[in-house]
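Asker:
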Amino acid sequence: MYIACSAEQKIFEIPAQGEAVVAGYWSPELGLCSQSVLLQWREGKVSSLQPSRDLENFSPKTQLWDSYFLLPGWSDAHVHLALDSLDFFKCLENWAQPALIEANMQRFLCHYLERGIVAIRDGGDLPAFAWRAKNKVMEEVWLGPKVIAVHEAVNRAGMYGRFLGRGFKNILEWREKEEEFFGQGLDQLKVVVTGLIKFNDFQKVGPTQWAVEDLAELVEAAHGRGIPVMAHASGEEGISVSIAAGVDSIEHGYYMTGAQLERMREKGIAWIPTVAPIGNILKYPTERYSSHEIDTLQRILAGQLTKIYEAYHLNVRLGVGTDAGAYQVQHAESLYDEMEWLVQAGIPKLEVYRMATQENARILGSPELGRLEVGTPMKLLQLGNGLV
Ligand SMILES: [Zn+2]
């Protein structure tokens, strides 16, 4: 049994039953409490949380966690466990050596817990490394956060996403293989709706892969099985197609418009704006990009932050996802980058924390995440630093 301690970047081994003094707690439901609290747990779950005044009454077994705040663990709504943040093409070559990738993934999974991240949603890889990692964690063979995995993404053959999915020629081929595809197992359906943004061409996005009717058919196939749909989409056309087809979340969504945000709010569609893949290139400069690319990235970043603030004000559901595994987007670390970017966009810090806990829990489809109350499993919580 364990609890993540993000304050020390460690995982604490704990007994199934115990008690501890913490400096306070925070959760979206309970708010902030900045006084000393006695936390008790049984069978690995919180059994009581009470203000503690007199320190003499504690038994020698009481853990002194009095420099830590107890909070719900974070989750990251968009990662790629099978990518290493270093070199995309080299990493794809390394996929031929599964033992190497598995060792990487085990290391990343531990980092997630050490940073207080107790759940991640994986956006897929064609060889299904992340799907197998999910099962290893679930069977407690590997230590790691809960993994919600798409297994394999649905993309159009010959278009962007060949490392995410096999690629379907058209909707007819999809129909033929639909049963087999769902039979592979998946927690969410990821559809690649558009290509990538271009770092050297402002407002340019790779082509849209699906017509609205086709994407709507994919969405219905998933919804009919109780499976949520995440859409990789950027640019006006691809985002509009995704909204019209009724997806559950839009991933990346660069070049979002105000009118699209309004429609997303009406339809309850969440936006995971993944600032880190562009922002971190500027935050951690390297020689890799030309000055023209850096200028373009700066314009994209500024636009994205403005739209994020607008979305927050419009009450659009906003999730926190990093695209970890992408260049300069380190597994686990980058969730802190992403939260900082959202604060930089103008969202109050505790609201960003609410997004990285409560809203992400909804996006991940795991209501037990992102909360702190009697009955919450200790392994879904974290011991963090002070909050302000
Ligand atoms: Zn992704």
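Heads up, this note's numbering is the position in the sequence shown plus 57, with the first residue counted as 1.
Glycine included, C-beta positions come from ideal geometry on N, C-alpha and C.
#1: Suppose you measure from the CA of Val250 to the CA of Phe115; what does that come to, to the nearest Å?
#2: Quick one: give me the first and last residue of the beta strand (DSSP E) that Ile300 is part of.
#3: Quick one: grab the DSSP three-state call for Ser104.
#4: Since I believe Ala206 is in contact with Asp244 (beta carbons under 8 Å), could you give me their beta-carbon distance rounded to a whole number of angstroms?
#5: How about Gly88: is its Cβ closer than 6 Å to a heavy atom in ligand 1?
#6: In three-state DSSP terms, what is Val250?
#7: Which term fits Gly295, buried or exposed, when burial requires 16 or more other beta carbons within 10 angstroms of its beta carbon?
#8: Our contact map puts Asn417 next to Ala64 with C-beta atoms below 8 Å; I'd like the distance itself, whole angstroms only.
#9: Could you say which of Ala368, Gly75, Val373 and Leu399 lies nearest to Thr379 if we only look at CA atoms?
#10: Any heavy atom of ligand 1 closer than 6 Å to the Cβ of Asp380?
#11: Which residue or residues does DSSP assign as beta-bridge partners of Met287?
#12: Tell me whether the beta-carbon of Val286 lies closer than 7 Å to the beta-carbon of Val262.
#13: Is the beta carbon of Arg356 closer than 7 Å to that of Phe259?
#14: Considering Glu70, what are the terminal residues of the beta strand (DSSP E) in which it resides?
#15: Where does Thr265 land, buried or exposed, given buried means 16+ other C-beta within 10 angstroms?
#16: Would you call the segment 222-233 and the segment 308-327 touching, i.e. three or more CB-CB distances under 8 Å?
Answerer: So, to answer that:
#1: 57 Å
#2: Taken as a continuous stretch (DSSP letters only), Ile300 belongs to no beta strand (DSSP E), being part of the alpha helix (DSSP H) at Glu293 to Ala302.
#3: strand
#4: 6 Å
#5: no
#6: coil
#7: buried
#8: Rounded, the Cβ-Cβ distance is 20 Å, inconsistent with contact.
#9: Leu399
#10: yes
#11: Lys247 and Ser306
#12: no
#13: yes
#14: Lys67 to Glu70
#15: buried
#16: no
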